[in-house]
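Presented below is the structure to which this report refers.
Protein chains: 2
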Amino acid sequence: MSTLPASPTPPRRTAADGATSRRRGVELTQAIYRATLEELAATSFEELSFEKIAPKAGTGKSVLYRRWSTTAELVLAALKDDEAGLGRPLMPDTGTLRGDLLVLLTRFARILEEPRGRALRPLLTQRPRHPELFEQVMTQVIAPHRAVLLERMRVAVERGQAGPERATERTAAIGPRLVVAESIDHGTVSDAEVQAIVDEVLLPLLNR
Amino acid sequence: MSTLPASPTPPRRTAADGATSRRRGVELTQAIYRATLEELAATSFEELSFEKIAPKAGTGKSVLYRRWSTTAELVLAALKDDEAGLGRPLMPDTGTLRGDLLVLLTRFARILEEPRGRALRPLLTQRPRHPELFEQVMTQVIAPHRAVLLERMRVAVERGQAGPERATERTAAIGPRLVVAESIDHGTVSDAEVQAIVDEVLLPLLNR
DNA sequence: AAAATAGAGGACGGAATTGTTTCTTAGTCT
DNA sequence: AGACTAAGAAACAATTCCGTCCTCTATTTT
Numbered sequence: 001m002s003t004l005p006a007s008p009t010p011p012r013r014t015a016a017d018g019a020t021s022r023r024r025g026v027e028l029t030q031a032i033y034r035a036t037l038e039e040l041a042a043t044s045f046e047e048l049s050f051e052k053i054a055p056k057a058g059t060g061k062s063v064l065y066r067r068w069s070t071t072a073e074l075v076l077a078a079l080k081d082d083e084a085g086l087g088r089p090l091m092p093d094t095g096t097l098r099g100d101l102l103v104l105l106t107r108f109a110r111i112l113e114e115p116r117g118r119a120l121r122p123l124l125t126q127r128p129r130h131p132e133l134f135e136q137v138m139t140q141v142i143a144p145h146r147a148v149l150l151e152r153m154r155v156a157v158e159r160g161q162a163g164p165e166r167a168t169e170r171t172a173a174i175g176p177r178l179v180v181a182e183s184i185d186h187g188t189v190s191d192a193e194v195q196a197i198v199d200e201v202l203l204p205l206l207n208r
Numbered sequence: 001m002s003t004l005p006a007s008p009t010p011p012r013r014t015a016a017d018g019a020t021s022r023r024r025g026v027e028l029t030q031a032i033y034r035a036t037l038e039e040l041a042a043t044s045f046e047e048l049s050f051e052k053i054a055p056k057a058g059t060g061k062s063v064l065y066r067r068w069s070t071t072a073e074l075v076l077a078a079l080k081d082d083e084a085g086l087g088r089p090l091m092p093d094t095g096t097l098r099g100d101l102l103v104l105l106t107r108f109a110r111i112l113e114e115p116r117g118r119a120l121r122p123l124l125t126q127r128p129r130h131p132e133l134f135e136q137v138m139t140q141v142i143a144p145h146r147a148v149l150l151e152r153m154r155v156a157v158e159r160g161q162a163g164p165e166r167a168t169e170r171t172a173a174i175g176p177r178l179v180v181a182e183s184i185d186h187g188t189v190s191d192a193e194v195q196a197i198v199d200e201v202l203l204p205l206l207n208r
């Protein structure tokens, strides 16, 4: 009854022909990161355990204990990873504020559909329970991405595409917040919804 | 170490002089509702159990099992309760759209600071894990409040205080969403923040 | 006043998890 | 080829948690 469907990641790795293989180094670490974020996305940080992650990554618990001593450490490492996690943000430059906003928010919306994006949810909404982890995720993972959005708004101000003094952290937060809210309510965020947020909410707000 | 600070609700009821009293009926039920929502607000629905609620309400587990058979039942009852939960929404009528929005959103912001408001968070953000409960909370608890906001917007349209065809469920969702987001990020939502949401985001959006 | 009801609290057995350890062997290095 | 490192899997003990039952007694009902 409580048995979950088999994890997306094959529980056991097999080589091309079916002979059993054994992953090492980066390959193994990536599999563990993915399993961690999947599990976190599906449950919560409280329920996260090496016990559940190991089989989902197709490995043994000892492999995890050898590399990280707590689930918080593992989660942070997974989120910071460029491949499995969120890594470094890309700076768009479409020439217009509208274009930059669409690129950034659409990209954000897509990531929220993946496990690595959903993994953020339990962390952010359960903030008071893990202040240290929350703080680290905030400064090491979220902040760089926020900075990019604010930066594009500042550039827009310089280009005269947005009213002066409108490029603040507060206004920069509105877009991502609405996208997250839509994601939570509908499970997905359509391109049309992103457009509506940009055209009907953000641009009117930022143009003076 | 894992012992939580004593619950706000006294674990044991004592009469005026210190003689031990024993609650019954409504009084007892209310205490259980409050304990339930407090516990839910502090943790998550997954971690909720009669075992934890009973001592927090200053009663025994058998009392709970006698009245509800599952935690989902109990949670829904608590949220629907007029006193302990959210109950029926109040319809404001200040004469202006701005006034109505300020009243509704400010009231919402205050409720989100209380346990009964925070109790909603784990339910809404963990939606896929309890579809039935989520559905019931949505239709029986949230929907009536949403309806009030939309209704005030419709009235504003009739009065010419808002552009036609602007009073949609989508636009009605923006205010509450931004309030929730601010609440999650900052733990509290100041009156100034509510004002900013109304004046800088909602009114520009709704006035045509 | 006596009987009946239901609250408070704890005991109990069982099921489910968890972190750690141990063991065998695949894959790597010299 | 032989030695070595680390992966994968399982055994282990300890803990936690759950639902039921039992006892005692405060409060209500007759």
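As they're listed, the protein sequences go chains G and R.
UniProt numbering applies: residue 1 is where the first sequence begins, and numbers increase by one.
UniProt numbering applies: residue 1 is where the second sequence begins, and numbers increase by one.
Virtual Cβ for every residue (Gly too), placed ideally from N, Cα, C.
Helix or strand or just coil, what does DSSP make of PRO164 (chain G)? Along the first sequence, read from residue 1 onward, the residue named residue 164 (chain G) stands at position 164. Coil.
To which residues of the same chain is ALA31 (chain G) closer than 7 Å at the C-beta, ignoring the five residues directly before and after it? Counting from 1 along the first sequence, the entry for residue 31 (chain G) is found at position 31. These residues qualify, in order along the chain: THR9, ARG23, ALA57, GLY58.
Spell out whether any CB of chain R is found under 8 Å from the CB atom of VAL179 (chain G). The sequence position of residue 179 (chain G) within the first sequence is 179, counting from 1. Not one chain R Cβ lies under 8 Å of VAL179 (chain G).
Out of G:VAL26, G:GLY175, G:ARG118, G:GLN136, which one is the CA nearest neighbour of VAL63 (chain G)? The sequence position of residue 63 (chain G) within the first sequence is 63, counting from 1. The residue with the shortest Cα to Cα distance from VAL63 (chain G) is G:VAL26.
May I have the straight-line CA-CA distance separating PHE50 (chain G) from LEU40 (chain G), to the nearest angstrom? In the first sequence, residue 50 (chain G) corresponds to position 50, counting from 1. In the first sequence, residue 40 (chain G) corresponds to position 40, counting from 1. Using only the alpha carbons, I get a separation of about 11 Å.
Check the Cβ-Cβ distances between LEU205 (chain G) and every residue of chain R, and say whether any is below 8 Å. If you number the first sequence from 1, residue 205 (chain G) lands on position 205. When Cβ-Cβ separations below 8 Å define contact, LEU205 (chain G) makes contact with chain R.
Identify the contact partners of LEU94 (chain G) in chain R, using a Cβ-Cβ distance below 9 Å as the criterion. By 1-based counting over the first sequence, the position of residue 94 (chain G) is 94. Checking the sequence, you will find Thr at residue 94 (chain G) rather than Leu. The contacting residues do not exist; THR94 (chain G) stays about 24 Å from chain R at best.
Does ILE111 (chain G) come within less than 8 Å of chain R when only Cβ atoms are used? As a working note, residue 111 (chain G) is residue 111 in the first sequence. Answer no: the Cβ-Cβ gap between ILE111 (chain G) and chain R never drops below 8 Å.
Excluding the five sequence neighbours on either side, which residues of its own chain have a C-beta within less than 7 Å of the C-beta of HIS186 (chain G), listed in chain order? Position 186 of the first sequence, counted from the start, is the residue given in the question as residue 186 (chain G). So the list is empty, once near-sequence residues are dropped.
Rounded to a whole number of angstroms, what is the C-alpha to C-alpha distance between ALA72 (chain G) and ARG66 (chain G)? As a first step, residue 72 (chain G) must be located in the first sequence, where it is residue number 72. As a first step, residue 66 (chain G) must be located in the first sequence, where it is residue number 66. In a straight line, the C-alpha of ALA72 (chain G) is about 15 Å away from that of ARG66 (chain G).
Distance between GLY87 (chain G) and ALA78 (chain G) (C-alpha atoms, nearest Å): Here residue 78 (chain G) refers to the residue found at position 78 when the first sequence is read from its first residue. Here residue 87 (chain G) refers to the residue found at position 87 when the first sequence is read from its first residue. Approximately 9 Å between the Cα atoms of the pair.
Using a Cβ-Cβ cut-off of 6 Å (strictly less than) and excluding sequence neighbours within five positions of ALA167 (chain G), which residues of its own chain qualify? Position 167 of the first sequence, counted from the start, is the residue given in the question as residue 167 (chain G). So the qualifying residues of the chain are MET153, ARG154, VAL157.
Any idea if GLY95 (chain R) is buried or exposed, counting beta-carbon neighbours within 10 angstroms, 16 or more meaning buried? Along the second sequence, read from residue 1 onward, the residue named residue 95 (chain R) stands at position 95. By the 10 Å Cβ count, GLY95 (chain R) comes out exposed.
Which same chain residues, not among the five before or five after ASP17 (chain G), have their C-beta less than 7 Å away from its C-beta? The residue labelled residue 17 (chain G) in the question sits at position 17 within the first sequence. The pLDDT assigned to ASP17 (chain G) is 41, lower than 50, so where the model puts this residue is not dependable, and the model offers no usable value.
If you count every other CB in all the chains shown that lies within 10 Å of the CB of ALA183 (chain R), and 16 or more means buried, which is it? The residue labelled residue 183 (chain R) in the question sits at position 183 within the second sequence. Strictly speaking, residue 183 (chain R) in this sequence is Ser, with Ala absent from that position. Buried: at least 16 other Cβ atoms inside 10 Å.
Report yes if the CB atom of VAL194 (chain R) is closer than 8 Å to the CB atom of VAL180 (chain R), and no otherwise. Position 194 of the second sequence, counted from the start, is the residue given in the question as residue 194 (chain R). Position 180 of the second sequence, counted from the start, is the residue given in the question as residue 180 (chain R). Not closer than 8 Å, so no.
Every unbroken beta strand (DSSP E) inside the region 97 to 146 of chain R [3 residues or more]: Positions of the beta strand (DSSP E) runs, each at least 3 residues long and wholly inside the region 97 to 146 of chain R, cannot be given because no such run exists.
Which residues in the same chain have their Cβ closer than 6 Å to the Cβ of ILE53 (chain G), if we skip the five residues on either side of it in sequence? Locating residue 53 (chain G) in the first sequence gives position 53, where the first residue counts as 1. Counting only Cβ-Cβ distances below 6 Å, and skipping sequence neighbours, we find ALA35, THR36, GLU39.
Looking at the unbroken alpha helix (DSSP H) that takes in SER62 (chain G), where does it start and where does it end? For the purposes of this step, residue 62 (chain G) is identified with residue 62 of the first sequence, where counting begins at 1. Here the alpha helix (DSSP H) through SER62 (chain G) covers 61 to 67.
If you drop the 5 nearest sequence neighbours on each side, which residues of the same chain put their C-beta closer than 6 Å to that of LEU149 (chain R)? Reading the second sequence from its first residue, position 149 is the one you call residue 149 (chain R). Excluding sequence neighbours, LEU149 (chain R) sits near LEU104, ALA172.
Which whole-angstrom value describes the C-beta separation of LEU205 (chain G) and VAL201 (chain R), a residue pair presumed to lie in contact below a C-beta threshold of 8 Å? Counted from its first residue, the first sequence places residue 205 (chain G) at position 205. Counted from its first residue, the second sequence places residue 201 (chain R) at position 201. LEU205 (chain G) to VAL201 (chain R), Cβ: 6 Å. Contact.
Please confirm whether THR168 (chain G) has its beta-carbon closer than 8 Å to some beta-carbon of chain R. Looking up residue 168 (chain G) in the first sequence gives position 168. No, no contact with chain R.
Taking Cβ positions only, does ARG127 (chain G) come closer than 8 Å to chain R? The residue you call residue 127 (chain G) lines up with position 127 of the first sequence. Yes, contact with chain R.
DSSP three-state assignment for MET91 (chain G), whether helix, strand or coil: Residue numbering aside, residue 91 (chain G) sits at position 91 when the first sequence is read from its first letter. For MET91 (chain G), the three-state secondary structure derived from DSSP is coil.
Considering only residues of the same chain and omitting the five flanking positions on each side of PRO176 (chain G), which have a CB-CB separation below 8 Å? Mapped onto the first sequence, residue 176 (chain G) falls at position 176. Here the set comprises LEU105, PHE108, ARG146, LEU149.
So, is SER69 (chain G) buried or exposed, given that buried needs 16 or more other C-beta atoms within 10 angstroms? To locate residue 69 (chain G), count along the first sequence from 1; it is residue 69. So SER69 (chain G) ends up on the exposed side.
Can you name the residues of chain R whose CB is closer than 7 Å to the CB of LEU124 (chain G)? Along the first sequence, read from residue 1 onward, the residue named residue 124 (chain G) stands at position 124. ILE184, listed in chain order.
Buried or exposed: where does GLN140 (chain G) fall if 16 or more other Cβ atoms within 10 Å of its Cβ makes it buried? Translated into positions along the first sequence, residue 140 (chain G) becomes position 140. By the neighbour-count rule (16 or more Cβ atoms within 10 Å), GLN140 (chain G) is not buried but exposed.
Evaluate THR188 (chain G) with the Cβ neighbour count: other Cβ atoms within 10 Å of its Cβ, from every protein chain shown; 16 or more gives buried, anything less gives exposed. Taking the first residue of the first sequence as 1, we reach residue 188 (chain G) at position 188. Exposed, by the Cβ-count rule.
If I measure Cβ to Cβ from LEU133 (chain G) and keep anything under 8 Å in the same chain, skipping five residues before and after, which residues do I get? The residue you call residue 133 (chain G) lines up with position 133 of the first sequence. Counting only Cβ-Cβ distances below 8 Å, and skipping sequence neighbours, we find PHE45, ALA72, VAL75, LEU76, LEU123.
Which residue from R:THR43, R:ALA192, R:TYR33 puts its Cα closest to that of ARG127 (chain G)? Here residue 127 (chain G) corresponds to residue number 127 of the first sequence, with the count starting at 1. Out of R:THR43, R:ALA192, R:TYR33, R:THR43 has the C-alpha closest to the C-alpha of ARG127 (chain G).
With burial defined as no fewer than 16 other Cβ atoms inside 10 Å of the residue's Cβ, what is the status of PRO144 (chain G): buried or exposed? Indexing the first sequence from 1 puts residue 144 (chain G) at position 144. With fewer than 16 Cβ atoms within 10 Å of its Cβ, PRO144 (chain G) is classed as exposed.
Classify THR14 (chain G): buried if its beta carbon has 16 or more other beta carbons within 10 angstroms, exposed otherwise. As a working mapping, residue 14 (chain G) is identified with position 14 in the first sequence. The predicted model places THR14 (chain G) with a pLDDT of 43, which falls under 50 and marks its position as unreliable; any figure quoted below should be read in that light. It is exposed - the Cβ of THR14 (chain G) has fewer than 16 other Cβ atoms within 10 Å.
Chain G within 8 Å of SER21 (chain R), Cβ atoms only: The residue you call residue 21 (chain R) lines up with position 21 of the second sequence. No, SER21 (chain R) does not count as interfacial toward chain G.
Residue 210 (chain R): first and last residue of the uninterrupted alpha helix (DSSP H) it sits in: The structure shown does not extend to residue 210 (chain R), since chain R spans only 1 to 208, so no value can be given for it.
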